[in-house]
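Under the numbering used here, think of the first position of the sequence shown as 1064, with each following residue one higher. No residue lacks a Cβ here, since even glycine has one placed at the ideal position from N, Cα and C.
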Amino acid sequence: MNKLIVIISVFILISCNQVANKPGGSSMSVSSPDTKIEKAFISFRIGVSQWTSEKRCNELFDLFDKHKGATDEITFFHSVTHAPIPLDVFRQRAGILKVRMEQARKRGYKTGINILTTIGHHNENLDNSLKGNYTFMTNIDGEVCNGSFCPNDENMREYIRNIYQLTTQANPDYIWVDDDVRLGHMPIGLGCFCDNCLTIFEKETGAKYTRESLKKAMNEGTVEKKLKIREAWLQHNRITISRLFVLIEKTVHDISPVMPIGFMTGDRFYEGYDFDNWSKILAGPNHAPVMWRPGGGYYYDNNNNELVGKSHDIGRQVSVLPQEVVSVQSEIECFPYQRLKKAANMVALEACSHIAAGCTGAAFNVLSFYDEPLDEYEPLVARLQEARPFFDLMAKSLGRSALTGIHTFWNKNSFITGKLADGNWLSSGNPLVNHDIYNIGLPACYSGKNAQVTILGKDNIFALSKDEIKKLLSGGVYMDAETLQQLNDMGFGELTGFEIVGSENKDRIEKFSNHPLNGEFAGRERDNRQSFWKSQAYTLRKSDDKAQTLTTLIDYTGKEVSDCTMGVFENKLGGRICVAGYYPWIFMENLSKSSQMKAIFRWLSKDKLSGYIASFHKINLWIREPENGKIALAFTNSSFDPAKDIVLMLKTDNKTIKVYDMECKETIIQSSRTDGPYQRFVIPFVDSWQMRLMLSE
Ligand SMILES: [Zn+2]
């Protein structure tokens, strides 16, 4: 095992160097012949009940044939339940799939197998699932999940070798690994802390722990010590998944040397987010194509904030992938697939939204999992066929170019900062601040490399070195008051311009000062009702004469109780800082606050912000880094009201821009005026929950 770890580590090191040494970044690869994207990568994922009988499967093929273009790829699930299945059942299903895939190919589709359970998701259908001498996924308290197994268990690895051999021998065009390959499983939470995994950790680090002593080390002691052991554990998790992927890659490519392998992910903070290295492992020595399926949770359209939330999750996942990964199909899932749960229009928009955030296609998992006719699904398939030209136009125009704009800080180590002060690290959640800031027309960016402004929330900085923090503070940064305190405590006070001198958790209202960034909104108020939504309101003191107040605090009699709760400062490194001490992450959706925020972010970026929606609309905006001077961006009207006269401020010299609606109808818009380095484009009308693609001529 030790030898294997060394081999994997060397491989990872080589991969890292290859990435680091690669010149040019995104713009080179999209235009290179290998990675040019001519149309969207579109697939449907098909449940077992739809393919078991030949008659039913032919009906499915007929439906796709009737709506040509709705999909190019037909991907068959090997199982419908979420624990691994016995090998003999797997073998029997692989035999049927071999025939079904031949039939699909005859009709002109690419086709492959989606292995739903490599190690298993969770407890389901356990009576009919894999049994034997396998180690269950184990949490830090020794509790186990009976539907998911430790990927480091040798017997389990033998099972995995067998199922990937059977799958490859069925002659698919590609193989997908599902998102059960992760280290968090219901009902136990995060793993794997089985005895074998602890022994492996000891070999990696030289430190011997029991579950009890490891839990103590992760949660108690100095911040430095906690961060160190947590970081080592994330690295252990990265290696665990790498080790599994070495096995899968070798098994598949020994039989079929350039078989494309795809991997489905979510926001994988606890696993160490090592997508770039994992993708290189899956490519193997023959550089076989690797595909990716980034995912998240948006199953019904009764909360559409989850739609854009999922796009942000997906954008983050895509931002880590090497340029060679061109087939990036967002997971579009309507589980448990009841048609009325998500409108066909929303399914189509969802695919567009995730393409805007970085994908190059979509994998639709939206059809029935019963052995039943698909009549009720035909309007959905027809709608996706109708939307296909727009998917293609988006994928071709946006490619894999990088997103630019406002980066909600994260890195591969972000998870180590969870519940740092106290509590159980392994119960901490997503290490990011709320994304509401993107709902008012500010551009989302998912990688620090392309950030024009960085957003920092509490504890984020503990995933950074001091040099990295200093570099961040020499650019544009928006932060909450807790982060200000942490930066000052670390000795960065000279660069922040403010300090905290008080806080109150009730009855405070923010009032806009007479500062130019507040413009015509001086004197306006923002009351976020601390009695309803608990939050501290902080009083800041300027620690540098050049710091300036943007808002103060008043109480419910109108009396000023704090002369500064939000302010801006330009430090000696040229970095521009905004500290927000009153509801820094939510409730920005009124005219005065949203206008102020846009003015602040443009100021923070020193007019480098690639663009923003200056009018008062609920719009999500994604802007790509220009390639050869060509601008490409997309936005959604994320409101149930139509939007009229949307004002897009775009950093460009181009005075005209093309706008495409979801029917690919082109309109040319002229800039109405120039404002510094920005052109002002007015888009007359966008209907509710519709996307627009905009390209320079
Ligand atoms: Zn284990």
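Would DSSP call residue i helix, strand or coil?
i	result
residue 1581	helix
residue 1090	Low per-residue confidence applies at residue 1090: pLDDT is 35, beneath 50, and the placement is therefore not dependable, though the value from the model is reported in the following sentence. Residue state, collapsed to three classes: helix.
residue 1675	strand
residue 1220	helix
residue 1262	helix
residue 1758	strand
residue 1428	strand
residue 1042	Outside the shown range of the chain (1064 to 1760) lies residue 1042, about which nothing can therefore be said.
residue 1487	coil
residue 1114	helix
residue 1740	coil
residue 1108	strand
residue 1630	strand
residue 1698	strand
residue 1605	strand
residue 1670	coil
residue 1646	coil
residue 1766	Any property of residue 1766 remains undetermined from this structure, which presents the chain solely from 1064 to 1760.
residue 1555	coil
residue 1404	helix
residue 1155	helix
Out of the options, which has the shortest C-alpha to C-alpha gap to residue i?
i	options	result
residue 1510	1226, 1381, 1549, 1245	1381
residue 1391	1401, 1399, 1414	1414
residue 1240	1519, 1686, 1424, 1180	1180
residue 1196	1187, 1568, 1213, 1205	1213
residue 1432	1120, 1752, 1099, 1749	1120
residue 1374	1287, 1363, 1359, 1387	1359
residue 1703	1245, 1753, 1739	1753
residue 1260	1226, 1535, 1198	1198
residue 1412	1376, 1438, 1449, 1400	1449
residue 1251	1290, 1216, 1206, 1667	1206
residue 1169	1236, 1222, 1230, 1538	1236
residue 1316	1283, 1288, 1286, 1229	1229
residue 1335	1262, 1418, 1493, 1221	1493
residue 1743	1156, 1726, 1757, 1714	1714
residue 1660	1630, 1638, 1635	1630
residue 1541	1430, 1534, 1470, 1591	1470
residue 1539	1455, 1561, 1641, 1475	1641
residue 1243	1356, 1323, 1277	1356
Just to check, is the beta-carbon of residue i closer than 8 Å to a non-hydrogen atom of ligand 1?
i	result
residue 1213	yes
residue 1719	no
residue 1354	no
residue 1260	yes
residue 1208	no
residue 1744	no
residue 1204	no
residue 1216	yes
residue 1254	yes
residue 1268	no
residue 1327	no
residue 1201	yes
residue 1257	yes
residue 1517	no
Looking at residue i: is its Cβ nearer than 9 Å to the Cβ of residue j?
i	j	result
residue 1632	residue 1597	no
residue 1407	residue 1458	no
residue 1368	residue 1502	yes
residue 1556	residue 1625	no
residue 1332	residue 1477	yes
residue 1216	residue 1257	yes
How far does the beta strand (DSSP E) with residue i in it reach, from first residue to last?
i	result
residue 1540	1539-1543
residue 1394	1392-1396
residue 1380	Note, residue 1380: premise wrong, no beta strand (DSSP E); alpha helix (DSSP H) at 1368-1382.
residue 1325	1324-1328
residue 1566	1561-1567
residue 1503	1503-1508
Tell me which residue opens and which closes the alpha helix (DSSP H) that residue i is part of.
i	result
residue 1201	Run containing residue 1201: none in the alpha helix (DSSP H); it sits in the beta strand (DSSP E), 1199-1201.
residue 1120	1117-1129
residue 1466	Note, residue 1466: premise wrong, no alpha helix (DSSP H); beta strand (DSSP E) at 1466-1471.
residue 1660	1654-1667
residue 1452	1441-1461
residue 1410	1407-1419
residue 1533	1529-1536
Counting contacts by CB-CB distance shorter than 9 Å, is residue i in contact with chain D?
i	result
residue 1112	Given the protein chain composition of this structure (a single chain), no chain D is represented.
Ligand 3 heavy atoms versus the CB of residue i: any closer than 8 Å?
i	result
residue 1181	Absent from the structure shown: ligand 3. Ligands present: ligand 1.
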